[in-house]
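Numbering (my numbering), first residue to last: 3 to 197.
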């Protein structure tokens with residue numbers, strides 16, 4: 003007597019629960035389609051336009067992230083170094099090269115959830131184009147580590163995996179024409195452990 007309603011209830015629970023879980027999994031697994039990769043750096047230029055796919059729109063709405071206009075800015079992230087090894091807070095890295103053409107840029111370390119990592123107080127948790135020291139040709143070297151370094155230094159908490167986030171504001175790279183010739187800074191692992 004209760005067998006048929008019980009089977010219908012179990013079927014509905016599995017169908018709705020599976021649908022909700024698969025949708026949440028798809029939203030957490032991808033930031034959208036149309037990614038560009040430049041030297042280990044990754045960006046989604048279409049995510050800020052009307053042409054963004056529904057998953058990208060939902061992902062950004064869920065995260066509550068500010069979107070720039072298509073010509074205002076572009077956010078690049080890097081999760082690995084030049085040898086394709088995962089970035090880890092117990093290692094030291096050197097970010098070097100010329101910055102991409104932009105009016106202003108910012109750089110910070112973020113967790114795998116995309117939220118900025120907070121180093122201990124009085125340590126530089128972010129750098130930008132106004133505060134970084136440069137060579138005569140405009141290039142820079144930034145050391146990224148948990149221990150203090152001379153010159154340009156981005157502090158990390160002594161944690162596990164992280165990603166670097168480089169935001170370019172007012173850049174021709176945000177338009178469709180600037181991506182082909184864009185050169186990104188290189189990330190080099192210069193040691194792990196207590197060195």
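Built from N, CA and C at the ideal position, the CB exists for glycine as well.
Helix, strand or coil at residue i [DSSP, three-state]
i, result
"residue 27", "helix"
"residue 193", "strand"
"residue 47", "helix"
"residue 5", "helix"
"residue 180", "Bear in mind that the predicted position of residue 180 carries a pLDDT of just 47, short of 50, making it unreliable; the figure below should be weighed with that in mind. Residue 180: coil per DSSP, three-state reduction."
"residue 10", "helix"
"residue 118", "strand"
"residue 75", "strand"
"residue 150", "coil"
"residue 17", "helix"
First and last residue of the uninterrupted beta strand (DSSP E) at residue i
i, result
"residue 173", "Neither: residue 173 is in no beta strand (DSSP E) and is coded neither H nor E."
"residue 97", "93-99"
"residue 162", "Note, residue 162: premise wrong, no beta strand (DSSP E); not H, not E."
"residue 39", "38-40"
"residue 137", "No beta strand (DSSP E) contains residue 137, which DSSP labels as neither H nor E."
Proximity below 9 Å, CB of residue i to CB of residue j
i, j, result
"residue 92", "residue 162", "yes"
"residue 100", "residue 187", "yes"
"residue 84", "residue 191", "yes"
Separation of residue j from residue i, as counted between CA atoms
i, j, result
"residue 167", "residue 121", "15 Å"
"residue 147", "residue 24", "37 Å"
"residue 127", "residue 155", "9 Å"
"residue 149", "residue 118", "18 Å"
"residue 139", "residue 157", "25 Å"
"residue 47", "residue 133", "26 Å"
"residue 125", "residue 194", "20 Å"
"residue 98", "residue 105", "19 Å"
"residue 8", "residue 15", "11 Å"
Close Cβ partners of residue i (< 7 Å) along its chain, the five nearest in sequence each way excluded
i, result
"residue 40", "184, 186"
"residue 81", "88, 89, 165"
Sequence-distant residues of its chain with Cβ nearer than 6 Å to residue i (five each side left out)
i, result
"residue 2", "In the structure as shown, the chain starts at 3 and stops at 197, and residue 2 therefore has no counterpart that could be examined."
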